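To keep things clear, I will list the structure first and then write my remarks on it.
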Amino acid sequence: MIPEFRPGELSQWVSKLWKNGIPEQNITGVSHDTRTLKPGNLYVAIRGDQFDGHVFVDEAFRKGAAGALVDDRFHWSENPILQVHDTIKGLQELAKGYRKKWIGSSVGITGSVGKTTVKEMCADVLSVKGETHRTAGNYNNHIGLPLTMLAMPATARYGIFEIGMNQPGEIGTLAYLLQPKIGIVTDICNAHRERFQSLEDIAREKMKLAQRVAGSGMVILDRDSEWYAMMRSHTCASVRTISFEGIADYVGRKVGDGVLNVDGFDYTMPLPGEHIMRNALRAVALGRELGMNPSEISEGLRRFKAPPMRWQESEFNRIQFINDAYNANPLSMRAGLRTFARLPGIGKKWVVVGGMRELGTTADEEHADLGKFIDGLGLDGVITVGELGRRIACSGPQSFFQCSETAEAAQILKEHLSPGDRVLLKASRGEQLEKVLTRFKEI
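Per my numbering, the very first residue in the sequence shown carries number 113; after that it's consecutive.
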């Protein structure tokens, strides 16, 4: 159910009066994109480096917008508008106002790896217990988070929100906006390293979520993490712990292929890999802390479906492709490649890998180390794509194929694959490695 907002409360939340009249009816939903705007929405005009949403204000009203949030440089509308100095900050103020009104439980999730998977697992688990709202796709930044908050039905019992970053200071700001009752921090590694001096700086940025959870709330932390002690010491909230190695509130054990045992109950995993088990353990901990029994949690995990381009399996000419090319960093690369290498079966296993972006001064070292890691997996074939991929190949054996573009990689696969073989595609999103599969089908 789309939330409704009274014009008066929107005005109050941004501390501005309506101009050109007040909308006659309640406003249903908020949009910053006229392509997806629905009649009755509030249109938020955002100025960006590549676009200016104010150009589309008239179009928004033609499509049925009930009102618009514009900045103080905008002067040409006869329709109801709220005029603020900065529309992004105005959008955030709207979300903050609605957050105070909404009485459900909010869960904030951050980390370098696994945020989206944990978000989806947690949402699927809690949906068994009650109406649950979640971040759509990767709407996890300074614009996406408030839009997600403003899309939350007033009747939702739980809200599961992913909080991302690509520069210092973002996590604290977004966590303050969300005011989560529960915080979950996933694994931490050198993602977005180019904007941070060290891995510790990244961990301290992620720690801001734990700091923003109130003393009456709860934080779920991984006791196996090297950053556990630091994070625990910087939160006033109650701490619940997970572990695969020692003593914790929720200890996970792998008891078979794709089976996670917690407190004597077996949970079947929706995807392969030990990293998936660790992500699922966080969802199990959340469900248990909110009063769910193991059978209910297991039902929720069965509902989980991987988001697009995250271990997305398909078959073409009896060759299995696993598209895991939505994103990549040193930790997720190793987890995905290790999982793929351990898959049972008699067919050949090939991987196509591209670069890991935003690693800053550590890029050369991280790509070289990844090449050595891949060399030790015993794969049947390795293809690297692009300039960053070349750095991976240069540290591996001469048997690595180096390609400058995806079409070349597809041609190599065509020449070497047979029915029953498998291929993993893994790289940062900007490498567009999914085009390898497209090219393969074309040829």
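Beta carbons: idealized from backbone N, C-alpha and C, even for Gly.
Every value quoted in this text rests on a predicted model; they were computed, and no experiment measured them.
At 3 residues or longer, and completely inside the segment 393-475: list those beta strand (DSSP E) runs for me, N to C.
-> 424-428, 431-435 and 461-465
G457 versus N138 - alpha carbon distance | For the purposes of this step, residue 457 is identified with residue 345 of the sequence shown, where counting begins at 1. For the purposes of this step, residue 138 is identified with residue 26 of the sequence shown, where counting begins at 1. So the alpha carbons of these two residues sit roughly 58 Å apart.
Kindly indicate which three-state DSSP category K131 falls into: helix, strand or coil?
-> Residue mapping note: residue 131 aligns to position 19 of the sequence shown, counting from 1. K131 falls in the strand class under three-state DSSP.
Assigned secondary structure, I222 (DSSP; H/G/I helix, E/B strand, else coil) = The residue labelled residue 222 in the question sits at position 110 within the sequence shown. Here residue 222 is Thr; the residue named in the question, Ile, does not match the sequence. Strand at T222.
Rounded Cβ spacing between V331 and F273 (contact assumed at less than 8 Å) | One-based indexing of the sequence shown puts residue 331 at position 219. One-based indexing of the sequence shown puts residue 273 at position 161. Going by Cβ atoms, the distance from V331 to F273 rounds to 15 Å, so no, they are not a contact pair.
Using alpha carbons as the reference points, say which of H528, A505, T550 and L529 lies closest to A519.
-> Residue mapping note: residue 519 aligns to position 407 of the sequence shown, counting from 1. Selected option, being the one with the closest Cα: T550.
Just checking, does the segment 178-188 make contact with the segment 137-153 on the three C-beta pairs under 8 Å criterion?
-> yes
Whole angstroms is fine: what's the gap from L203's alpha carbon to E282's?
-> One-based indexing of the sequence shown puts residue 203 at position 91. One-based indexing of the sequence shown puts residue 282 at position 170. Taking the straight line joining both Cα atoms gives about 16 Å.
Taking Cβ to Cβ, would you say N278 is nearer than 9 Å to T474?
-> Residue numbering aside, residue 278 sits at position 166 when the sequence shown is read from its first letter. Residue numbering aside, residue 474 sits at position 362 when the sequence shown is read from its first letter. No.
C515 bridges to which residues according to DSSP?
-> The residue labelled residue 515 in the question sits at position 403 within the sequence shown. In DSSP, C515 forms a bridge with V497.
Between the beta-carbon of L398 and the beta-carbon of L257, is there less than 9 Å?
-> For the purposes of this step, residue 398 is identified with residue 286 of the sequence shown, where counting begins at 1. For the purposes of this step, residue 257 is identified with residue 145 of the sequence shown, where counting begins at 1. No, these two residues do not count as a Cβ contact at 9 Å.
CB of F428 within 9 Å of CB of F552, strictly = Taking the first residue of the sequence shown as position 1, residue 428 is located at position 316. Taking the first residue of the sequence shown as position 1, residue 552 is located at position 440. The answer is yes: Cβ separation under 9 Å.
From the DSSP output, read off the bridge partner residues of V274.
-> Start at 1 with the first residue of the sequence shown, and residue 274 comes out as number 162. First, the amino acid is wrong: residue 274 is Glu here, not Val. The partner list for E274 (beta bridge, DSSP) reads I221.
Whole-angstrom distance between L289 and I314, CA atom to CA atom = Taking the first residue of the sequence shown as 1, we reach residue 314 at position 202. Taking the first residue of the sequence shown as 1, we reach residue 289 at position 177. Each residue's Cα considered, the two are about 20 Å apart.
Report all residues from its chain with a CB closer than 8 Å to the CB of V230; omit the five preceding and five following residues, and keep chain order.
-> The residue labelled residue 230 in the question sits at position 118 within the sequence shown. So the qualifying residues of the chain are I221, G223, I296, T298, N391, R394 and A395.
What are the boundary residues of the alpha helix (DSSP H) that includes K175?
-> Along the sequence shown, one-based indexing puts residue 175 at 63. Counting along the chain, K175 falls outside any alpha helix (DSSP H), and DSSP gives it neither H nor E.
Thinking just about the alpha-carbon of each residue, which of L471, G467 and I200 is nearest to the one in E306?
-> The residue given as residue 306 occupies position 194 in the sequence shown. Among L471, G467 and I200, the Cα nearest to that of E306 belongs to L471.
Taking M330 as part of the beta strand (DSSP E), name the residues at either end of that continuous run.
-> In the sequence shown, counting from the first residue as 1, residue 330 sits at position 218. Segment M330 to D334, the beta strand (DSSP E) holding M330.
Nearest to G368 (by Cα), restricted to the options M342, S345, P384 and A453 | Taking the sequence shown and counting its residues from 1, one reaches residue 368 at position 256. Considering only alpha carbons, the answer is P384.
Does the distance from the C-beta atom of I504 to that of V464 stay below 9 Å?
-> Taking the sequence shown and counting its residues from 1, one reaches residue 504 at position 392. Taking the sequence shown and counting its residues from 1, one reaches residue 464 at position 352. No, they are not a contact pair.
Is the beta carbon of S540 less than 9 Å from the beta carbon of N439?
-> As a first step, residue 540 is located in the sequence shown; it is residue number 428 there, counting from the start. As a first step, residue 439 is located in the sequence shown; it is residue number 327 there, counting from the start. Contact flag set, yes.
Is the beta carbon of I114 sitting closer than 9 Å to the one on G141?
-> What you label residue 114 is simply residue 2 of the sequence shown in a count that begins at 1. What you label residue 141 is simply residue 29 of the sequence shown in a count that begins at 1. Yes, Cβ-Cβ distance for I114 and G141 is below 9 Å.
Can you tell me the Cβ-Cβ gap for Y270 and G242, rounded? I've got them flagged as a contact below 8 Å.
-> On the sequence shown, position 158 is the one that residue 270 refers to. On the sequence shown, position 130 is the one that residue 242 refers to. About 6 Å; that satisfies the 8 Å criterion.
What residue from V374, A349 and T347 has the CA that sits closest to F356's CA?
-> The residue given as residue 356 occupies position 244 in the sequence shown. Answer by Cα proximity: V374.
Identity of the residue in D145, L206, V169 and D183 nearest R118 by Cα = Within the sequence shown, the letter at position 6 stands for residue 118. When each option's Cα is compared against that of R118, the closest is L206.
For the segment 282-309, list the beta strand (DSSP E) runs that are entirely contained and at least 3 residues long, ordered along the chain.
-> 294-297
Exposed or buried, which one is E377 when buried takes at least 16 other CB atoms within 10 Å?
-> Taking the sequence shown and counting its residues from 1, one reaches residue 377 at position 265. According to the sequence provided, residue 377 is Phe. The question's Glu does not apply to it. With fewer than 16 Cβ atoms within 10 Å of its Cβ, F377 is classed as exposed.
What's the gap between the Cα of E543 and the Cα of E517?
-> Working through the sequence shown from its first residue, we reach residue 543 at position 431. Working through the sequence shown from its first residue, we reach residue 517 at position 405. Spanning the two alpha carbons is a distance of roughly 10 Å.
Exposed or buried, D161, counting other C-beta atoms within 10 Å across all chains shown (16 or more means buried)?
-> Within the sequence shown, residue 161 is the residue found at index 49, counting from 1. Exposed, by the Cβ-count rule.
G364 (DSSP reduced to helix, strand or coil) = Position 252 of the sequence shown holds residue 364. It is a strand residue.
For Q195, which beta-bridge partners are listed by DSSP?
-> To locate residue 195, count along the sequence shown from 1; it is residue 83. V182.
Check whether P382 and F416 have beta carbons under 9 Å apart | Reading the sequence shown from its first residue, position 270 is the one you call residue 382. Reading the sequence shown from its first residue, position 304 is the one you call residue 416. Yes, the Cβ-Cβ distance between P382 and F416 is below 9 Å.
Run through DSSP, which three-state label would S239 get?
-> Stepping through the sequence shown from its first residue, residue 239 is reached at position 127. S239 falls in the helix class under three-state DSSP.
Look at the Cβ atom of I346, then the Cβ atom of A322, and state whether they are nearer than 9 Å.
-> Along the sequence shown, one-based indexing puts residue 346 at 234. Along the sequence shown, one-based indexing puts residue 322 at 210. For the sequence presented, residue 346 should be read as His rather than Ile. Yes, they are a contact pair.
With 16 as the cutoff for other CB atoms within 10 Å, does F163 come out buried or exposed?
-> Here the question's residue 163 lines up with position 51 in the sequence shown. With fewer than 16 Cβ atoms within 10 Å of its Cβ, F163 is classed as exposed.
Same chain, Cβ closer than 6 Å to G448, neighbours up to 5 away in sequence not counted = Looking up residue 448 in the sequence shown gives position 336. Answer for G448: D436 and K538, listed in chain order.
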